[in-house]
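Protein chains in written order, with this note's numbering: chain A, 1 to 114; chain B, 1 to 111.
Cβ atoms here follow ideal geometry from the backbone N, Cα and C, with glycine treated the same way.
Keep in mind that this is a model prediction, so the values were computed, not measured.
Taking it in order: structure first as structure tokens, then the write-up.
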Amino acid sequence: EPEVTQTPSHQVTQMGQEVILRCVPISNHLYFYWYRQILGQKVEFLVSFYNNEISEKSEIFDDQFSVERPDGSNFTLKIRSTKLEDSAMYFCASKGQVRSDTQYFGPGTRLTVL
Amino acid sequence: DAKTTQPTSMDCAEGRAANLPCNHSTISGNEYVYWYRQIHSQGPQYIIHGLKNNETNEMASLIITEDRKSSTLILPHATLRDTAVYYCIVLMKTSYDKVIFGPGTSLSVIP
């Protein structure tokens, strides 16, 4: 069964450093998403991406964040200058070829900012 | 998106059916009921969804009331691996439909 995959599974970084979290969505999916979950809290929407542009973003997704689909398979989330409060699980999700398809989530990347 | 209300936590004996209720009294006609679950900080896992009719797949059954104001997710024979947080979510499928997660129901399957 096709799955969303994410790398790395755990990323440790120093405050102020840049990190790139990588996702490989399900093949042929066209809609892509990033969510995050701070320990003990709810899963929160960050950004949705379709047709090579951001379709929606939350208040969390400020200028420190950016997304990119650099090739036909990867979808990345970059945090330019990490803060302690960016420590969280980051989940990538993808959805099929029409808006009515179901969204599937990856296993997540645990980001720890020291 | 319409809001949903779920019990904070539930217990279920292993091997018994787990019935997880959800209220979505403000759901509109073109909104679907989705269920996801999250096992201990893993990625949310899609379970099932429906619009009006009851649905069944290999994981669960979804019973939606006739007025669509509430629904029940049924895990027919709960196992220890079904211990997770279960999220009932209402989505308009014609949008880019970001999934808005509430607190969900923490289901504990007890041996």
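Item	Value
Where does R80/A land, buried or exposed, given buried means 16+ other C-beta within 10 angstroms?	exposed
Where do the ends of the beta strand (DSSP E) carrying N52/A lie?	That residue, N52/A, is in no beta strand (DSSP E); it is neither H nor E in DSSP.
At which residues does the beta strand (DSSP E) containing S106/B begin and terminate?	105–110
Helix, strand or coil for R36/A, going by three-state DSSP, please let me know.	strand
How would you list, in chain order, the residues of chain A whose beta-carbon sits under 9 Å from the beta-carbon of S41/B?	Q37, L39, M89, G108, R110
Assuming L107/B contacts Y86/B under a Cβ cut-off of 8 Å, what Cβ separation, rounded to an integer in Å, is found between them?	6 Å
Going by beta carbon distance, what residues of the same chain come within less than 7 Å of S55/A, once the five residues before and after it are set aside?	S48, F49
Can you have a look at T82/A and say buried or exposed, based on whether 16 or more other CB atoms are within 10 angstroms of its CB?	buried
Touch check for the region 10–24 of chain A and the region 5–18 of chain B: three-plus C-beta pairs under 8 Å?	no
If the cut is a Cβ gap below 7 Å, which residues of chain B does K78/A touch?	Under the 7 Å cutoff, chain B gives no residues; its nearest Cβ is about 20 Å from K78/A.
So, is S25/B buried or exposed, given that buried needs 16 or more other C-beta atoms within 10 angstroms?	exposed
Considering only the alpha carbon of each residue, which of P21/B, Y32/B, A13/B, K52/B lies closest to M92/B?	Y32/B
Look at S66/A and V4/A and say whether their C-beta atoms are less than 7 Å apart.	no
Got a sec: which bits of the region 46–76 of chain A sit with their beta carbon under 7 Å from any beta carbon on chain E, in order along the chain?	Protein chains in the displayed structure are A and B, and chain E is not among them.
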